[in-house]
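First comes the structure, then the notes that go with it.
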Amino acid sequence: MSEKTVVLTDAASNRSTALPVVTGTLGDPAFDIGKLNKDTGYFTYDPGFMSTAATKSAVTFIDGDQGILLYRGYPIEQLAKHSNFLEVAYLLINGELPKADEFAKFDHEVTHHTMMRESLKNFFQGFHYDAHPMAMCMAAVGSLAAFYHDSLDINDPAQRKLAAIRLIAKMPTIAAAAYRYSIGWPIRYPRNNLEYCSRFLHMMFEVPSEPLQISPVAAKALDLLFILHADHEQNASTSTVRLVGSTGANPYACVAAGIAALWGPAHGGANEAVLKMLAEIGDAKNVSKAVERAKDKNSGFRLMGFGHRVYKNFDPRATIIREMCHKVLGELGVNDPLLDVAMELEQAALKDSYFVERKLYPNVDFYSGIIYKALGIPTEMFTVMFAIARTAGWVAHWLEQHETLDAKIGRPRQIYIGAPNRDYVDPAKR
Ligand code: CMC
């Protein structure tokens, strides 16, 4: 907390308050408005949290104007080049890159918590075959609390860590099970001799009739996508995890709530929506029509994969994914006409004054779907892929929240616009 304060006075009532200025290590300073209402009788009104920091956090930093993303201080470009998803998960949770023995221990712990209970496997049978995998994953993750009720003491740091490991370990198992159930294939057990992403691809695609060779190119591409999606500070789903966490709810309930928030097309659901949109556009020659439609506010259509609440410059993740997209498709020998549509759309939007003026650039979801498609992941699973990766960020924030001593229940206020006080009317007189 800095010494600086900003004094706010209401001239009408002559009530005033001194708002302390809060500064972090990077980023804009903020006013601490905690005493505003008590001192002046005013609240603040900020729908969509355009100017409100809900917490202090040391996990991730974004500079939306400069296009900078740091996990625990490390630039995303460096992590994408040199690290791997599990190491990034360790970094997000623990704050530092692991030494070799620390990583080996973490890898061992995650690998040995990947199984799900047989009775949890049975839950999938209760869904209709065409249930969306996000619905199944949300339900399965929430249900984990029913299996681990002996280790749900959120005041015990060891139990909190165990829950974090379990969530990171079991998400791919649950995700693959949701997919296998939806196509009528037997659910696969995790293979401990494979690393995190290969293990997931094995659970997704192995068939009983023949052995499966996991492509190292596919595993590497998936690992990179997971690194890029692992955390993004106080986005809607992470804020949801923290809000639910602030009530003292168990970690599985918190992460299930995060999955629900991620599902929406304005958030993680955008990657599925991008691919559907590209398929609908169908050909590069139809791009200009799509751009015109996106500019027409009455059309109800937006360019999915474009725009971001924080990035008003290129999303650094999109830059990495764009490059990777060409490389991965080339290495896998996939020729996808949707990539041509995507490139044409990107160019058309970047030249159009509507998108330029509003600083709408491709975001992380714009090219990721094309890569997932090349890896054989079906469109309905795209947001699930995002959820697997983001689980690392969700648990890092949940752990941080519970390590903070002055954590308060999240409880926004409102501007009431309903009817003023009135008397009950007897049914016969309405
Ligand atoms: N296509 C067309 N117009 C857009 C788009 C778009 N994709 N995004 C924003 N706009 C316009 C919007 O209509 C508004 O115009 P005006 O000022 O004339 O009213 C202006 O740009 C500002 O938009 P906003 O909705 O006020 O901005 P926001 O910060 O509240 O929303 C967003 C950010 C990501 C929800 C929005 O850009 C969007 O809906 N994008 C498409 C969905 C998408 O790709 N989401 C993934 C986000 S990145 C990954 C993640 O977070 O999960």
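Those letters in the sequence shown? Residues 4 to 433, per this note's numbering, in order.
C-beta atoms are modelled at their ideal positions from N, C-alpha and C, and glycine is treated no differently.
Beta-bridge pairing of residue i - partner residues as DSSP gives them
i: residue 11; result: 20
i: residue 213; result: 210
i: residue 77; result: 74
i: residue 33; result: 25
i: residue 358; result: Residue 358 pairs with nothing; no bridge assigned.
i: residue 500; result: There is no way to answer for residue 500, as the model of the chain reaches only from 4 to 433.
The alpha helix (DSSP H) enclosing residue i, as first and last residue numbers
i: residue 378; result: No alpha helix (DSSP H) contains residue 378, which DSSP labels as neither H nor E.
i: residue 258; result: 254-266
i: residue 325; result: 319-335
i: residue 90; result: 88-97
i: residue 110; result: 103-114
i: residue 316; result: Run containing residue 316: none; DSSP gives neither H nor E here.
i: residue 439; result: Shown here, the chain extends from 4 to 433; a query on residue 439 therefore has no answer.
i: residue 247; result: 239-248
i: residue 162; result: 160-185
i: residue 284; result: 273-284
i: residue 118; result: Looking at the DSSP string, residue 118 is not in any alpha helix (DSSP H), and its letter there is neither H nor E.
i: residue 220; result: 219-232
i: residue 145; result: 136-150
i: residue 155; result: Per DSSP, residue 155 belongs to no alpha helix (DSSP H) and is neither H nor E.
i: residue 296; result: 290-298
i: residue 40; result: 39-43
Where residue i falls, given that 16 or more other Cβ within 10 Å makes a residue buried
i: residue 152; result: exposed
i: residue 275; result: buried
i: residue 48; result: exposed
i: residue 314; result: buried
i: residue 132; result: exposed
i: residue 53; result: exposed
i: residue 281; result: buried
i: residue 423; result: exposed
i: residue 87; result: buried
i: residue 402; result: buried
i: residue 238; result: buried
i: residue 302; result: exposed
i: residue 107; result: exposed
i: residue 231; result: buried
i: residue 376; result: buried
i: residue 29; result: exposed
i: residue 159; result: exposed
i: residue 425; result: exposed
i: residue 308; result: buried
Close beta carbons around residue i, own chain, < 7 Å, minus the five adjacent residues each side
i: residue 4; result: Caution is warranted here: a pLDDT of 47 is assigned to residue 4, below 50, making its placement in the model unreliable, and the coordinate value is therefore given only provisionally. Counting only Cβ-Cβ distances below 7 Å, and skipping sequence neighbours, we find 23, 25.
i: residue 145; result: 255, 256, 259
i: residue 386; result: 137, 265, 266, 271, 272, 274, 275
i: residue 351; result: 290, 291, 294
i: residue 246; result: 413
i: residue 373; result: 328, 339, 341, 342, 345
i: residue 296; result: 302, 304
Delimiting residues of the beta strand (DSSP E) encompassing residue i
i: residue 63; result: 63-66
i: residue 72; result: 71-74
Beta-carbon proximity list for residue i, same chain, < 8 Å, skipping 5 on both sides
i: residue 10; result: 19, 20, 21, 22
i: residue 210; result: 188
i: residue 226; result: 87, 88, 199, 200
i: residue 127; result: 139, 143, 180, 181, 184, 190
i: residue 162; result: 154, 155, 156
Neighbourhood of residue i by C-beta, 6 Å cutoff - its chain only, sequence neighbours within 5 removed
i: residue 201; result: 217, 222
i: residue 362; result: 315
i: residue 7; result: 24
i: residue 442; result: Because the chain is modelled from 4 through 433, residue 442 falls outside the range shown and cannot be assessed.
i: residue 320; result: 231, 367
i: residue 46; result: 40, 416
i: residue 33; result: 25, 56
i: residue 261; result: 240, 243, 244, 397
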